Structure formats: structure tokens, C-alpha cells
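Undergrad:
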Amino acid sequence: MMARANLGVDVGRSALRAAVVRKKKGGIVPECCRVLPMAEGFSKGFEEPGADPAARGALAESLRELLAPIAEGEERISLSLPDGQGRLCLVEMESGFKNKEEGRELLRWRLKSVLPCDPAEFHLDFQILRKSASGVASVLVSLARRQLIETVQEVCEAAGCFPAVIDFHSLNCLNYYYSRLDWEENLSLMVIEDGSLSFFYFQDRVLRYHRSHRTDFRTDRVFDDIRLSVIDCEKRFPKLRRGGVYLHTDSAQALGLMEGIKSLFNGRGFLLKTDLGGIYHGGEAANGPLSQNQAAAIGAALRLLRTG
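The sequence shown maps to residues 76 to 383 in this note's numbering.
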């Protein structure tokens, strides 16, 4: 019997992207990818409370069109949203809560001073990254407005699918590349895509720093934003520039960006590539240009496979 198809969907700036990952003898492999070009800024239909219901209906129809040729009857998907539609926070806290819901309430209380409105208006999930001997936990918190999550669920339901996992673009890029990174040393990962920059720093395999924001498409502006992230991270982690450095980007100026990054990291730096041309459903002409962007869709599918 063939293993079930695990569907990942990434919502980009001007495209919907999908991938199928399946367990096969010898490992887990990306089997198929699709890209559906969309109007610039179409994803705002997810987040605007007053958006035209017809526009949301069109978004559901596009999602159905994207998945129909590859879904094989599967309804569960893992959905990757733009980083700007939510927020990631790293929090240090006592880990002695009784259950996950109590943990959520404690985190809402801890974060209320940095949120723009009532914490109850946010959907919150979290993952404990590590615990110290004294019981203090380092926690990665994922936040998105409840209105956004409810709208996403409604659009997916109208498209005939169910978002079993909802996460953010840069985290799913990390999922895709995780096995390619050299975890024998501390490392930095930069994801520059769709006009957004996300900077991750890992120490002893644990995420210790994260910064994400919109950025300009001009190479000099992007480099300035990278430099500011490096300076900010280095205040807490002075050995930052001694570790490995990886860049994932869809920029046409990728090589120029890589050279600039190497100048900050004493010549270190590795440009990550997806090399997915051979697994596109229907070929390039039918599904839009091949792109680095597909990494997040595959990473989302991998996340679904691992959650079972």
C-alpha cells in the first residue's frame, strides 16, 4: 500500500505553492510540487476582517485548484503563512505549569505588555526548546490574531481541506533545510524572501535569537537590515560570528548578498539551494516559474508528516 500524501501549502506574496511529501522505503522524499500565480497582495484576504466574502470565495477556489491534481483525496494540509501575519517570541519562564492551556495563559500574561491589544485576541501556541536544571524553560511562542486563524479555517473548509497545522514561512524553510545544516557548530540562518527578512541564531542546537521584519528589495537596504540583526544578536551572543552561516533567498542578487554576509562573518557563508526542478507537477510552463520559494511548502508538508 502506498503511504499517504502529506500536503504542504505556502502562501506567498504573489503565489500559492503546494508540495507533497511521502514516506518511502529508504526515507522521506518530496514527491511533487505545484505553483499557482496570484495577484500581488492576495493574502490580505485572510487577514482583513471586512474583506469581501466573494474575494475569500475566490481564494478558496484558487486553493482548490492548486491542490486538486495532487491531493489524492487527502483533506489534511499544513499551511505556511507569511511571517508578517504573525509573530514569534522567545521567552524565559518557569516551566512548572500543569498543562498546555495553563502554559498558554501564563504566556499571555507575560506578553501582554508587548502586544498591541488584548492578549485574548491572539491565538497562541508554544514549544519548550530547553529546560535548565533550575526549572527555567526557554520557550518559542507563536502568535497570530484569532480573526486570521478563523478566516484561514473558513477558507480552507470552503476549499475542501482542513489546516491540521498552521505555521509561518521562515519556520517551514527551516524545516526543509534542517537536515542540511551542520549542527556540530553554532549557526545562523537567514531567510530573505517575498520582501521579508528572518534571522535565526542557534547555540548548541537550540534557538536563542530570532528577528523578523519587512525589508526593501534593494540589495543595499537588505544588507543594512542583516547587519543590524547581526549587531543586535551579537550583544547577547558575542561568539555569533564564529559559527556557521546559511542563507536562503529568492533574490536575483543572491550572490551579492552572500558576499556581503561573508564580509560580516570572516568569510563564512553558504547559499542554500532547493534544486526542485525535477518534481514539478505538469512542468514549469503550467505552474509558474521554479523558485527557491518552494522550500516552505515542502517544510510544511514535512511538519504534517511528523505530527502524524
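Just so you know, even glycine gets a beta-carbon here, dropped at the ideal spot from N, CA and C. These numbers come from a predicted model, not from an experiment.
Exposed or buried, what is I336 when buried is set at 16 or more other beta-carbons lying within 10 Å of its beta-carbon?
TA: I336 should be labelled buried.
Undergrad: Which value, in whole angstroms, describes the spacing of the CA atoms of L186 and S271?
TA: For L186 and S271, the distance between alpha carbons rounds to 24 Å.
Undergrad: Quick one: what's V387 bridged to in DSSP?
TA: No answer is possible for residue 387: it lies beyond the span of the chain, which begins at 76 and ends at 383.
Undergrad: Taking C-beta to C-beta, are S213 and R205 nearer than 7 Å?
TA: Yes; because the gap between Cβ atoms is below 7 Å, this pair is in contact.
Undergrad: Are the CB atoms of V281 and T290 within a distance shorter than 7 Å?
TA: Not closer than 7 Å, so no.
Undergrad: Exposed or buried, H288, counting other C-beta atoms within 10 Å across all chains shown (16 or more means buried)?
TA: H288 should be labelled exposed.
Undergrad: A90 to F345, Cα distance in whole Å?
TA: Approximately 27 Å, taken between the alpha carbons.
Undergrad: Among residues of its own chain, excluding the 5 on either side of P157, which ones have a beta-carbon nearer than 8 Å to its beta-carbon?
TA: These residues qualify, in order along the chain: V86, G87, R88, S118, F243, H244, D269 and S271.
Undergrad: Just to confirm, are C236 and E150 a CB contact at a threshold of 7 Å?
TA: Contact: yes.
Undergrad: With three or more C-beta pairs closer than 8 Å as the rule, is the segment 171-182 touching the segment 297-311?
TA: Segments in contact, no.
Undergrad: Quick check on the DSSP output: what are the complete beta strand (DSSP E) runs of length 3 or more inside the segment 132-212, in order along the chain?
TA: Segments of the beta strand (DSSP E) lying fully in the segment 132-212: 151-156, 162-169 and 197-206.
Undergrad: Since V385 and A78 are thought to touch, with beta carbons under 8 Å apart, how far apart are those beta carbons, to the nearest angstrom?
TA: For residue 385 there is no data in the structure shown, the boundaries of the chain being 76 and 383.
Undergrad: Is it buried or exposed for A114, if we count other Cβ within 10 angstroms and need 16 for buried?
TA: Exposed.
Undergrad: Report the partner residues of S217 according to the DSSP bridge assignment.
TA: In the DSSP output, where bridge partners are listed per residue, S217 has L163 and D200.
Undergrad: On the DSSP bridge assignment, give the partners of H323 in chain order.
TA: Per DSSP, V266.
Undergrad: Assuming C248 and A370 are in contact, meaning their beta carbons sit under 8 Å apart, how far apart are those beta carbons, in whole angstroms?
TA: Indeed, because the Cβ distance is near 5 Å, the residues count as touching under 8 Å.
Undergrad: Rounded to a whole number of angstroms, what is the C-alpha to C-alpha distance between T226 and R317?
TA: Distance between the alpha carbons of T226 and R317: 44 Å.
Undergrad: Tell me the DSSP secondary structure of D299 in three-state form.
TA: In this structure, D299 counts as helix in the three-state DSSP scheme.
Undergrad: Could you pull the start and end residues of the alpha helix (DSSP H) that K337 belongs to?
TA: K337 -> alpha helix (DSSP H) spans A329 to L339.
Undergrad: Report buried or exposed for I203, applying the criterion of at least 16 other Cβ atoms within 10 angstroms of its Cβ.
TA: Exposed is the call here.
Undergrad: Per DSSP, V104 is paired with what?
TA: Answer is R97.
Undergrad: Indicate the three-state DSSP secondary structure (helix, strand or coil) for G374 in the structure shown.
TA: If DSSP states are grouped into helix, strand and coil, G374 belongs with the helices.
Undergrad: Less than 7 Å separating the beta-carbons of V189 and F201?
TA: No, the Cβ-Cβ distance between V189 and F201 is not below 7 Å.
Undergrad: Among all the DSSP beta bridges, which residues are the ones paired with G83?
TA: Note: G83 sits in a beta bridge opposite A94 and S153.
Undergrad: Which residues bound the alpha helix (DSSP H) around S118?
TA: Run containing S118: none; DSSP gives neither H nor E here.
Undergrad: Using three-state DSSP, classify R381 as helix, strand or coil.
TA: Note: R381 maps to helix in three-state DSSP.
Undergrad: Assign V104 to one of two classes, buried (16 or more other C-beta atoms within 10 Å of its C-beta) or exposed (fewer than that).
TA: V104 is exposed by the Cβ-count criterion.
Undergrad: For the beta strand (DSSP E) that L315 lies in, which residues bound it at each end?
TA: Taken as a continuous stretch (DSSP letters only), L315 belongs to no beta strand (DSSP E), as it is neither H nor E.
Undergrad: Which residues share a DSSP beta bridge with F275?
TA: Paired residues: L264 and H285.
Undergrad: R138 to S155, Cα distance in whole Å?
TA: Note that residue 138 is Leu in the sequence shown here, rather than Arg. Rounded to the nearest angstrom, the two C-alpha atoms are 13 Å apart.
Undergrad: Name the residue from R109, V166 and I224 whose alpha carbon lies nearest to the alpha carbon of Q160.
TA: When only C-alpha atoms are compared, the closest one is I224.
Undergrad: Leaving out the 5 sequence neighbours to the left and right, which residues in its chain are closer than 7 Å to L384 when beta-carbon positions are compared?
TA: In the structure displayed, the chain extends from 76 to 383; residue 384 sits before or after that span and is not available.
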